[in-house]
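Q: Sharing a structure here in C-alpha cells format.
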Amino acid sequence: MIEYYDITIEIGNDPYVKFFRAHMVILQYRSTYLQKILTTNKRKNDGTLVHIKLPNISPEVSNNNN
Numbered sequence: 001m002i003e004y005y006d007i008t009i010e011i012g013n014d015p016y017v018k019f020f021r022a023h024m025v026i027l028q029y030r031s032t033y034l035q036k037i038l039t040t041n042k043r044k045n046d047g048t049l050v051h052i053k054l055p056n057i058s059p060e061v062s063n064n065n066n
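Those letters in the sequence shown? Residues 1 to 66, by UniProt numbering.
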C-alpha cells in the first residue's frame with residue numbers, strides 16, 4: 001500500500017471499477033497520456049488532486065502480474 005500519495009485514479013465502469021493511489025510526478029514523467037490529463041486538472045485548496053476517472057480502461061488490463 002502506498003502510504004503517501006497525491007492522486008487517486010478510478011478505472012473501469014460499475015460494477016467493475018478499480019482504484020489506484022499514486023504519485024503525480026511519477027505518472028507525469030512516465031506517461032504522456034497521463035501528463036496531458038494531469039496538467040488540465042487543478043489541485044484543491046487542501047492540496048489533494050481532483051479524483052480522475054478513466055472509464056475506458058478495463059480493470060483487467062491494469063493487472064500487472066510481473
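All C-beta atoms in this analysis are idealised placements derived from N, C-alpha and C, irrespective of residue type, glycine included.
What residues in its chain sit with their C-beta under 8 Å from that of Thr39, if we drop five residues either side in the sequence?
A: Result list for Thr39: Gln28, in chain order.
Q: Between Met24 and the rest of its own chain, which residues show a CB-CB distance below 8 Å, the 5 nearest in sequence each way excluded?
A: Answer for Met24: Asp6, Ile7, Leu38, Leu49, listed in chain order.
Q: Suppose the cutoff is 6 Å on Cβ atoms and the five residues either side in sequence are ignored; what does the same chain contact list for Ile9 look like?
A: Same-chain partners within the cutoff: Phe20, Ile52.
Q: Go through the UniProt domain "BTB" (5 to 60) residue by residue and report every complete run of the alpha helix (DSSP H) that reaches 4 residues or more, in order.
A: The qualifying runs are 24 to 30, 32 to 40.
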